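Scroll down for the structure; my scribbles are underneath it.
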Amino acid sequence: MAHKLVIKRSKKAGLAPGTLVHVGQHSDAEVKLQVMDYNAHQLQEYEISNPADCTPLLTSDTLSWINVNGSHQVPVIESLGSLLQLHPLVMEDILNTDQRPKLEAYDGYLYIVVKMLQFSEASQEIHTEQLSLILSDRLLVSIQERPGDVFAGIRDRLRSGRRQRLLHADYLAYALIDAVVDHYFVLLEKLSDEIEALEDQLVKQPTPETLTRIHHFKREMLLLRKAVWPLRELLSRLMRDDNPLIREETRLYLRDVYDHTIHILDTIETLRELLVSMLDLYLSSVSNRMNDVMKTLTLIATLFMPLTFIAGVYGMNFTFMPELDYPWSYPIVLAFMCLVAIGLILYFRRRHWL
Amino acid sequence: MAHKLVIKRSKKAGLAPGTLVHVGQHSDAEVKLQVMDYNAHQLQEYEISNPADCTPLLTSDTLSWINVNGSHQVPVIESLGSLLQLHPLVMEDILNTDQRPKLEAYDGYLYIVVKMLQFSEASQEIHTEQLSLILSDRLLVSIQERPGDVFAGIRDRLRSGRRQRLLHADYLAYALIDAVVDHYFVLLEKLSDEIEALEDQLVKQPTPETLTRIHHFKREMLLLRKAVWPLRELLSRLMRDDNPLIREETRLYLRDVYDHTIHILDTIETLRELLVSMLDLYLSSVSNRMNDVMKTLTLIATLFMPLTFIAGVYGMNFTFMPELDYPWSYPIVLAFMCLVAIGLILYFRRRHWL
Amino acid sequence: MAHKLVIKRSKKAGLAPGTLVHVGQHSDAEVKLQVMDYNAHQLQEYEISNPADCTPLLTSDTLSWINVNGSHQVPVIESLGSLLQLHPLVMEDILNTDQRPKLEAYDGYLYIVVKMLQFSEASQEIHTEQLSLILSDRLLVSIQERPGDVFAGIRDRLRSGRRQRLLHADYLAYALIDAVVDHYFVLLEKLSDEIEALEDQLVKQPTPETLTRIHHFKREMLLLRKAVWPLRELLSRLMRDDNPLIREETRLYLRDVYDHTIHILDTIETLRELLVSMLDLYLSSVSNRMNDVMKTLTLIATLFMPLTFIAGVYGMNFTFMPELDYPWSYPIVLAFMCLVAIGLILYFRRRHWL
Amino acid sequence: MAHKLVIKRSKKAGLAPGTLVHVGQHSDAEVKLQVMDYNAHQLQEYEISNPADCTPLLTSDTLSWINVNGSHQVPVIESLGSLLQLHPLVMEDILNTDQRPKLEAYDGYLYIVVKMLQFSEASQEIHTEQLSLILSDRLLVSIQERPGDVFAGIRDRLRSGRRQRLLHADYLAYALIDAVVDHYFVLLEKLSDEIEALEDQLVKQPTPETLTRIHHFKREMLLLRKAVWPLRELLSRLMRDDNPLIREETRLYLRDVYDHTIHILDTIETLRELLVSMLDLYLSSVSNRMNDVMKTLTLIATLFMPLTFIAGVYGMNFTFMPELDYPWSYPIVLAFMCLVAIGLILYFRRRHWL
Amino acid sequence: MAHKLVIKRSKKAGLAPGTLVHVGQHSDAEVKLQVMDYNAHQLQEYEISNPADCTPLLTSDTLSWINVNGSHQVPVIESLGSLLQLHPLVMEDILNTDQRPKLEAYDGYLYIVVKMLQFSEASQEIHTEQLSLILSDRLLVSIQERPGDVFAGIRDRLRSGRRQRLLHADYLAYALIDAVVDHYFVLLEKLSDEIEALEDQLVKQPTPETLTRIHHFKREMLLLRKAVWPLRELLSRLMRDDNPLIREETRLYLRDVYDHTIHILDTIETLRELLVSMLDLYLSSVSNRMNDVMKTLTLIATLFMPLTFIAGVYGMNFTFMPELDYPWSYPIVLAFMCLVAIGLILYFRRRHWL
């Protein structure tokens, strides 16, 4: 139960809206900006540290993708924001990594927030990373929380020259979102493998640890749904709103990724209901085993208590107990005890306890 | 708990949208294309291996139904796609057998995905198979995952000449969907028979295995609903959207199959709630039997513990225990023990424990 | 748990849409058609066996109500359908008695399906019977599954001459639906009486049979809701759609029966939640009684185990046990045992176990 | 569990719509009509028995409020209905006291049904009483089930002359509904006081009676929601529909009472969820106490069974048991028993059982 | 379980709508009005006691923020209301501190109610305080229940001169609402910290007190949701309605605080589901521990009951028990007892009970 459900943003409380404060994991790493500037014929790729170096890209007629590898340095975001003339609320939201996925239309650009998700096998936890996209006519800026992403395939396509469709910023934005959503499937596969393994274990040999793990996965599912659910509305609006930044042609592709999102939400819901059903199964199997334990106890007690009582009776020290002196008394009592035991066992058999 | 809730599609992650990769069960079988080409007066039926052989069908004025018996061979789908000028996303979706049922309108054709479901009595599991339909003016292409389907009745009607209404591609598409949905009823009948048999068993003699089976059917119901639920929206749109490929006359029939789908969803929901109620019943009956076991134990302990204690008292070896020497002590103690036992039994009777 | 949740319709699977197959309870009884043909001044009432005999009714300017007492004979429905020029899907639906309540508008007539419900006191089950209505300008055809219905009141009004408002087919259709819905109230009354009796029994003396009955009523409620829920939409559309067959005046009456339907659905929901709460109550009372049983066991064991142990100690056969020979040992030990018992009882009192 | 969830209306089944039959509690009391007839300058207040005496009020230009103190006498309602030219369905609904709150617009008047609720401290139950309002231009008729209402405040305002705003029939109707809704708050306060007292008791000392009371309040909540929920839609329509009988000015007030209704529904929902959580708490605390009982039993058994066994061994009558004759055997065995007991107690301590 | 779910408002029942009665915590403190009157160049700040002193502010062309530190004194609110010409219902709602958050548009001003929430670490409870806002063109009036709020940051900005954007009343109103909502995040952080600490404790060492705390937090979550949920609709309407008091520019900011509200509601829902899952975990762990206790008991009983019985047999006093006199009998019986014990232990091992 390590990671937090609620990210600390209390240091923001009381500040003016639009005040730039970083909310999220602290880091001292320098922030690098990866630039890929291309048209159908050529591609320039380089890394810079100062957003101001991007100024020429704003007026060129090539398409530029600026990928910012970290949102923890307020000055970098501030300088980026003033370069692109971003609304203060947009800059605030880029820095605050505890955002819901959302789409906001401003004059001349769209601001999109989605969540990149990573499943850590070690801690069995989902790690989230915020991805902000700023989409304008000939420019796409993507801001991640830290280096490392799921865009290797897109970079390869750009470098290899298969960039016909990637020549428009809206398609490039779609491609990034599609890569993020495709990775959700990888995550769901891993999660569902873990959950189905747990299910097998539950049916074969449930332990108290099984229970803690069911709870753990229910928790992860809550987090996952919280991250994916708003994406549905985001994509629906991106697909339907009449924004000139999104071409008709790209809408077909957005419809596809929208379908994927709904598919993912369906699967999350199915896994959640499966986990609930698994918990019921666990509770019932605990009850069943308790029943078995109780039956054993009751069998033993019911068998030996009457016998011990009989032995107790003939252990009494009364002077006048005529049976004690008959020579056949002892074997008769032993035989009677056997009869009682056999009778009880037959009775248990009939009640299906044995 | 054999079949997977989530189909492996991770090999697709990171690839460009529209990249053709088969997602689903691997197979090496050759893919055959069954062609039925007909008008009111004649019918030609043959099998081919190369989609390119269908070229003449595209321009003829007969109606052609091309049924592709397998979606696991990428080149076949690729050649089919280029023949019909399909959008890359459509080809991708045909190959990816982990789709939600959906309807997508493209220029000149409709792309429809539905799920064929089969209930395996042996494993008590539902097997799903993806059916893709491409509906254009004089052509219907259906792509299945493997040979074997529920369309025998339609083929018989075509061969027997009763094909008046089947002379339009939209009605033929409706007839295929209707056959698929009709088969859902067969599936639901089998499932509900199994569930009601389980219910009877639950009332008569519940076992831990009953519990595992309830969980199993809840799981199958989750899968079933996931496959059928999106069909409702698909049919509603097919029925209401103003697509020229669907004639007014066919909409009446689509309304009928839409009603069937809602009926099926109602029944799924009812069976799900029944399963939940059955689990409650199971848990309660476990508690009841535990109660019975505990009562037996308590009865035995309450009866024999006092008696054993009395016997223990007169088994003590004190030198001065005057009762021990009275000639009537033994019978009196035995009688007293009987009295205690009878008293306790009467007490239990009054508390309704016996 | 006798009646089926899903009616066998598998024999229909694979047949062409519109194929006429009877789905429902088999019967060999002859189908009679009750005709009531009337205007403000006179009424003719007779019974026929052949739908073709109704031909003159179609062109007369009187209002005709044809009540078909059975839907199990395909030829009768077929001949009726050809007489009235019904769409093949309508004829199919009349024969298939496993329909959801629905409303379908065709050229010149409305097709309405509702469910008549009967509560059998003997089996404590709800029996459903499908009622199909075909409403055209001067004609109303009603098709039931078997003789026996809730329309006696309407027939009496027709015969007695109080038929002013019944001179229009739409009002007559409303009157039939209203009679069906009114009967739902009777059913709900009986059900709620049974459920409240069960509730009393649950509070006073719950038995395992109580549990099975709660489950049984939950099941009946599922069935009931499935039959009534679609009626709400049906009536809402009948009331709001601009069909010329429904006069403005009749819409006021339809609003009334629509309100009744919502009232019934509210009551079903309330009874369902009451049943859920009753199950919780049952489970809790089982736990409570188990607690009582366990307490008794623990009291007895805690009281007699120490005492039996003391007796056991003085039953040991050591040669050198000086206490054994003191004349006051026996009474002292007995007194000590009493003290232990009293002490334990006081302890239990303080912990509120006695 | 005294009052009925479903009011007997079966005697209505089979009758023609609009047939006047009283459904509700039977009573023989005479029905009195309280008339308050006023304008800004004067007020006339009197009581009559015959609705026909109200005829002059219909044409006067004063505002008249006729309050009918009972709906159990069919002739009174019938004569009132013919005086006001009410639709037969309205008269039927006034007599049938098992209505959902609803609003129906007819030519020249509105028909409104709301529920007056009373919490009886004695039986801890909510009693409902139907209030029908007939609102026309210069006349408001209110029909209650029995004398006694929550309108004393309104009557006082009318008599005292502060009747400026009450000079319009729509505001007077609003004032009556507002008084009814205000009384719901009183009811909710009492209910929530009872529920919170129950919650305290649950945390301190739960008893089986606590459980029955939780169930009882859940039941009352179901009833309450059923009575209040439809009011929300009623008021929303009254506020938004373009009926000329409701002036713009009054709509502001209706918005206010609409807000109150939503507030009440929120509170009902909150109390319902609280009751569910209380039931969980109860069940858990029962389990906890059972655990305590079981621990005590296990402690006692684990302590005394081994000791009793040891005593039993030295109570055996073998001739050759050398320990029996050693002089230190007895004290050594006693000491060993003490050691065993101390060891077990230490073991329990370590496992936190003591 | 200290604070009330329902605030006493029964004293209002029966009064005319618009009657001014204070509903909430009684207080005798004097009510102070803090006035901040400013334009871009200067700021005047002072405190007054009599609302009538604000008259000049109404006609000045500066922006005035009047903060009323208490709503418990009816005359103050009355005089404020007559100064601003408020509708009687608005004055009534200001005094009644048991309002849902809501937005009401009147001629010339908007009336907004939101809830300020405070988490008390001591009692682990959420305290709510009603904040009423009256927004007109050049004036904003805020009425709190008591002194002490979350607006320190806004006052600092006004005093420090960074008041460019605060020069419009709508932005000032937004800033107040934003400060209130920002504080919800602080509250949620504290609550989620407490809940996650409880979760850790639950996994490590659950106690009955854990259970009471889970219930407590579920209760607080109900309260929280009730206070935040209506805010969503309030902000959505404020953002979308065409009210001239809200400038286009401010709507962007309102969209931002709307997003925050949805984020908060998501988090509340997630925490609620986490609490439900924690309760399940608790119940299961109680069952698990009970199982352990029962196993211990059964082990002990199963081990010692047979042994005690054997000892009892050889404690019988029959004259003819030949084994008693054999010299090896005693060691053989002891060895046999050991064998039985070892056998049982091995049996338990195999059934995984040890």
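Residue numbers (this note's numbering), protein chains in the order written: chain Y, 1 to 354; chain X, 355 to 708; chain L, 709 to 1062; chain E, 1063 to 1416; chain C, 1417 to 1770. In this text, a Cβ means the ideal position worked out from N, Cα and C, and glycines have one as well. Here the structure is a predicted model, which means the values were calculated and not measured.
Straight through space, the alpha carbons of ASP964 of chain L and VAL90 of chain Y are spaced by roughly 54 Å.
Looking at X:VAL687, X:PRO442, X:LEU635 and X:PHE690, the one whose alpha-carbon comes closest to that of GLU553 of chain X is X:LEU635. DSSP, read as helix, strand or coil, puts MET116 of chain Y in strand. The beta-carbon of ASN1305 of chain E is placed no less than 7 Å from the nearest beta-carbon of chain C. Under DSSP, HIS1189 of chain E shares a beta bridge with E:GLN1180. Between ALA13 of chain Y and THR128 of chain Y the beta-carbon gap is near 22 Å, outside 8 Å, which marks them as no contact. In the pairwise beta carbon analysis, the region 117-134 of chain Y is classified as not touching the region 44-59 of chain Y: fewer than three pairs are separated by under 8 Å. Interface annotation, PRO1738 of chain C: not in contact with chain E, CB-CB separation never under 7 Å. For the pair LEU1172 of chain E and ILE1128 of chain E, the CB atoms are not nearer than the 7 Å cut-off.
Taking a C-beta cut-off of 7 Å against chain Y, the contacting residues of the region 360-385 of chain X are VAL360, LYS362, ARG363, SER364, LYS366, ALA367, GLY368, LEU369, ALA370 and PRO371, listed in chain order.
Each residue's CA atom was taken as its position, placing LEU1408 of chain E and LEU1361 of chain E some 12 Å apart. For the pair PHE473 of chain X and VAL743 of chain L, the Cα-to-Cα distance works out to about 47 Å.
Apart from the 5 residues on each side of it in sequence, GLN1460 of chain C sits with its Cβ closer than 6 Å to the Cβ of ASP1453 in its chain, given in chain order. When secondary structure is reduced to three states using DSSP, ILE497 of chain X falls in the strand class. By the Cβ neighbour-count rule, THR975 of chain L is buried, with 16 or more other Cβ atoms within 10 Å of its own. Nearest to GLN379 of chain X by C-alpha distance, out of X:GLU587, X:GLU432, X:LEU449 and X:ARG516, is X:LEU449. In this model, GLU1636 of chain C and MET1532 of chain C are separated by some 15 Å (Cα to Cα). Proximity of ASN67 of chain Y to chain X, defined by a Cβ-Cβ separation below 7 Å, is not satisfied. Counting of Cβ neighbours within 10 angstroms places THR1121 of chain E among the exposed residues, the total staying below 16. For ASP1321 of chain E, the C-beta contacts it makes with chain C under 9 Å involve ASP1509, GLN1515, ARG1516, LYS1518 and GLU1520, in order along the chain. Excluding sequence positions up to five before and after ILE885 of chain L, its CB lies within less than 7 Å of the CB of VAL822 and VAL965, all in the same chain and listed in chain order.
Put simply, the CB of VAL667 of chain X is near chain L, with a gap under 7 Å to one of its CB atoms.
Among the residues of chain C, those whose CB is under 8 Å from the CB of PHE304 of chain Y are MET1721, PRO1722, THR1724 and PHE1725, following chain order. Taking 8 Å as the upper bound on Cβ-Cβ separation, chain X lies near no residue of the region 885-900 of chain L. Straight across, the Cα-Cα distance linking ARG1573 of chain C with GLU1561 of chain C is about 24 Å. Under the Cβ distance rule, LYS1634 of chain C does not count among the residues neighbouring chain Y, no pair being separated by less than 7 Å.
The continuous alpha helix (DSSP H) containing ASN1704 of chain C extends over residues 1664-1729.
For PHE1380 of chain E, the chain C residues whose C-beta falls within less than 7 Å of its own C-beta are TYR1730, LEU1740, SER1745 and TYR1746, listed in chain order. Residues of the region 1530-1545 of chain C with a C-beta less than 9 Å from any C-beta of chain Y: none at all. Going by DSSP, ASP1211 of chain E is part of no alpha helix (DSSP H) at all; its letter is neither H nor E. Fully contained in the region 13-53 of chain Y are the following beta strand (DSSP E) runs of length 3 or more, in chain order: 33-38 and 43-48. For LEU1032 of chain L, there is no enclosing beta strand (DSSP E), as DSSP gives it neither H nor E.
PHE1044 of chain L counts as exposed, since fewer than 16 other C-beta atoms from the protein chains shown sit within 10 angstroms of its C-beta. Taking the Cβ atoms as the reference, ALA1241 of chain E lies roughly 22 Å from ASP1199 of chain E, outside the contact range of under 8 Å. With a contact defined as Cβ atoms closer than 8 Å, MET290 of chain Y and MET644 of chain X qualify at about 7 Å.
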